[in-house]
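In the UniProt record's numbering, the protein residues as written are 1 to 435.
In structure tokens:
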């Protein structure tokens, strides 16, 4: 039996059906992997079992299945979700479990479904109401950006206009395929997409992820780097400057390296090597393109550094390059410990310190360490109004906020670093003048 039977059987049952519980609603999105491949029949049975279990637990949701990987959205009372996730985490047949999003909610997104399976190739079995076809572009996006699953699954929120003279069907019983009314569903869908885009770094028009970022990541861990260089050169010719290439290709490729490691597609050493190769490519591209000219006029002094002990320096290096090209004069250092970082800010006046974690790994377990570094640095700084900017994948994926670690700003792409710092410095100076 596959490990994924846990999401069909997990947790003790409780009375109530979706929409009837008075408990506050929460939604949770996680990804996981089945230890064993699942047949079409097993998938169907798991979905039916899940429908029955979720009806008892007052849970609704959807799960996307793709090549032994699951991306699941669950919503319902917090206690019910906690029981389910506790059982899933304790199931030895279940692996690579990662919660991508967990938050309170005012209403259900998938209230019509106790559970719905979305998978490609629905024609492989005589599926009934329990399955829908997963859009191929969504499946592709999940492969490229698996940690963006909360925003991507939100695109599956059902919408269908009721028949003339009828009302929306209301909460499902598990065997009812009725959907939300079109206008209600569309409004709800837009609210969810907006909220989740803010929670996953998918704001419209901010970062356009290149569809070949994953391909580049896979090439970067190969012994022969000719193909990787050719791909970067080919894609660079399509850009008007290297700055969009940083945001759209190089940074996503770094995150894809982390995904490869999580999927056991490469070693941690190969991730580090791949990041070094991305940095080398950025340096070569930078040598071809001259800086923009001019000089940044705020006069702000900026220190750029990785978090002490962080071996992945790509974020710091790209930030330095972007600022230098925009006319800033940043100072980039690589402190080996907190004491060295404190000595830097106590010896020299800095208006801004830009600290970064890994561009490939989330490093959520480093957040307490980063918080302490920032607090100690502020105490040691010559500038009592020091602005602190943080970066790294943990902030791109919205696993943490700037406020959570005691920083002022979180930057999700090097392409934005100059604009964010300039706005923050200008705003701080204006507030001090008004005080």
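Built from N, CA and C at the ideal position, the CB exists for glycine as well.
Supposed close pair residue i, residue j - CB separation, criterion 8 Å
i: residue 220; j: residue 253; result: 7 Å
i: residue 407; j: residue 390; result: 4 Å
i: residue 377; j: residue 405; result: About 11 Å; that fails the 8 Å criterion.
i: residue 53; j: residue 75; result: That belief does not hold up - the Cβ atoms of residue 53 and residue 75 are roughly 14 Å apart, past 8 Å.
i: residue 471; j: residue 119; result: The displayed coordinates of the chain run from 1 to 435. Any statement about residue 471 would go beyond what the structure contains.
i: residue 337; j: residue 306; result: The pair is not a contact, with the Cβ atoms about 12 Å apart (cut-off 8 Å).
i: residue 332; j: residue 347; result: Between residue 347 and residue 332 the Cβ distance is about 16 Å, and since that is not below 8 Å, they are no contact.
i: residue 472; j: residue 275; result: Since the first and last residues shown for the chain are 1 and 435, residue 472 lies out of range.
i: residue 100; j: residue 30; result: 6 Å
i: residue 418; j: residue 326; result: 4 Å
i: residue 380; j: residue 345; result: 6 Å
Buried versus exposed call for residue i [16 or more other C-beta atoms within 10 Å across all chains shown]
i: residue 224; result: exposed
i: residue 384; result: exposed
i: residue 211; result: exposed
i: residue 436; result: The requested residue 436 does not occur in the structure, where the chain is confined to residues 1 to 435.
i: residue 423; result: exposed
i: residue 228; result: buried
i: residue 427; result: exposed
i: residue 349; result: exposed
i: residue 287; result: exposed
i: residue 243; result: buried
i: residue 277; result: buried
i: residue 28; result: buried
i: residue 38; result: buried
i: residue 34; result: buried
Selection from the options that minimises the alpha carbon distance to residue i
i: residue 373; options: 385, 362 and 357; result: 357
i: residue 49; options: 364, 116 and 365; result: 116
i: residue 222; options: 95, 101 and 260; result: 260
i: residue 32; options: 146, 82 and 232; result: 146
i: residue 98; options: 78, 70 and 375; result: 70
i: residue 60; options: 156, 37, 89 and 114; result: 114
i: residue 364; options: 380, 392, 337 and 351; result: 392
i: residue 247; options: 276, 134, 213 and 90; result: 213
i: residue 72; options: 156, 57 and 140; result: 156
i: residue 57; options: 81, 35 and 137; result: 81
i: residue 371; options: 355, 29, 136 and 215; result: 355
i: residue 143; options: 349, 269, 64 and 410; result: 64
i: residue 256; options: 280, 217 and 100; result: 217
i: residue 55; options: 40, 77 and 35; result: 77
i: residue 110; options: 26, 339 and 233; result: 26
i: residue 351; options: 340, 335 and 382; result: 382
i: residue 62; options: 340, 335, 154 and 88; result: 154
Span separating the alpha-carbon of residue i from that of residue j
i: residue 311; j: residue 342; result: 19 Å
i: residue 368; j: residue 400; result: 11 Å
i: residue 436; j: residue 421; result: In the structure displayed, the chain extends from 1 to 435; residue 436 sits before or after that span and is not available.
i: residue 68; j: residue 42; result: 12 Å
i: residue 282; j: residue 66; result: 33 Å
i: residue 105; j: residue 301; result: 42 Å
i: residue 264; j: residue 258; result: 10 Å
i: residue 262; j: residue 386; result: 36 Å
i: residue 235; j: residue 245; result: 8 Å
i: residue 85; j: residue 271; result: 30 Å
i: residue 174; j: residue 47; result: Below a pLDDT of 50, predicted positions are generally treated as unreliable, and residue 174, at 35, falls in that range; the measurement from the model is reported next regardless. Whole-angstrom Cα-Cα distance: 11 Å.
i: residue 44; j: residue 230; result: 44 Å
i: residue 324; j: residue 131; result: 52 Å
i: residue 304; j: residue 359; result: 15 Å
i: residue 321; j: residue 24; result: 47 Å
i: residue 398; j: residue 149; result: 12 Å
i: residue 388; j: residue 36; result: 46 Å
i: residue 362; j: residue 396; result: 9 Å
i: residue 40; j: residue 51; result: 17 Å
i: residue 410; j: residue 403; result: 9 Å
i: residue 273; j: residue 267; result: 10 Å
i: residue 269; j: residue 279; result: 15 Å
i: residue 95; j: residue 429; result: 50 Å
i: residue 83; j: residue 366; result: 27 Å
i: residue 232; j: residue 133; result: 34 Å
i: residue 335; j: residue 87; result: 42 Å
i: residue 433; j: residue 340; result: 33 Å
i: residue 431; j: residue 102; result: 35 Å
i: residue 90; j: residue 141; result: 29 Å
Min CB distance residue i to chain C below 8 Å
i: residue 89; result: Looking for chain C here will not work: only one protein chain is present.
The ligand ADP heavy atom lying under 7 Å from the CB of residue i
i: residue 115; result: Summarising the ligand content, the structure contains no ligands, and the ligand ADP is consequently not present.
Kindly confirm or deny that the region 414-430 and the region 244-259 touch, where touching means at least three C-beta pairs closer than 8 Å. yes
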